[in-house]
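Just so you know, the numbering used here puts the end of the sequence shown at 121, numbered straight through with nothing missing. Each remark here refers to the structure printed beneath this line.
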Amino acid sequence: MRWREFREQFRRKAAAALELPGEVAFDLPKIIITGNLQVLIENHRGIVAYDQEMVRVLVEAGEVTVSGRNLVIRSIVPEEIVIEGEIREVSFV
């Protein structure tokens with residue numbers, strides 16, 4: 029078994045044994061969508077691109093793209109980013 033496979037298997041078993049949620053154990057993004065007005069993304073790595081119609085956010089497994097109209101970044105801190113506006117689509121790239 030390769031080291032990478034062993035490490036991944038160990039992380040999964042440890043997370044299951046400790047009942048840790050995926051976003052904690054594997055640094056996955058946690059996305060909370062409130063209607064079509066707000067998107068909160070936890071565990072982000074920064075902003076890739078931003079304008080009033082699209083926000084691209086870097087996450088561990090790639091990018092999350094939020095599309096819509098009149099988008100604004102309401103807040104950004106190391107742990108989370110809040111995007112508001114008329115949300116039309118949230119996708120993973």
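A virtual CB, placed ideally from N, CA and C, is assigned to each residue, including glycine. All values derive from a computational prediction rather than experimental measurement.
Would you call residue i buried or exposed, if buried means 16 or more other Cβ atoms sit within 10 Å of its Cβ?
i: leucine 65; result: exposed
i: isoleucine 60; result: exposed
i: valine 122; result: It is not possible to answer for residue 122, since the shown part of the chain is limited to 29 through 121.
Could you give the distance in angstroms between the alpha-carbon of residue i and the alpha-carbon of residue j?
i: valine 92; j: histidine 72; result: 9 Å
i: threonine 62; j: glutamate 70; result: 14 Å
i: arginine 116; j: glutamate 107; result: 24 Å
i: glutamate 76; j: glutamine 37; result: Contrary to the premise, residue 76 reads as valine rather than glutamate in this sequence. Their Cα atoms are separated by approximately 31 Å.
i: lysine 58; j: isoleucine 104; result: 15 Å
i: valine 118; j: valine 94; result: 5 Å
i: arginine 32; j: asparagine 98; result: 43 Å
Quick check on residue i: does DSSP put it in helix, strand or coil?
i: glutamine 80; result: coil
i: arginine 30; result: coil
i: glutamate 112; result: strand
i: glutamate 88; result: coil
Does any CB atom of chain D fall closer than 9 Å to the CB of residue i?
i: isoleucine 69; result: In the structure shown, chain D does not exist; there is a single protein chain.
Is there at least one non-hydrogen atom of the ligand FMN closer than 8 Å to the beta-carbon of residue i?
i: valine 76; result: Here there are no bound small molecules, and the ligand FMN is not part of this structure.
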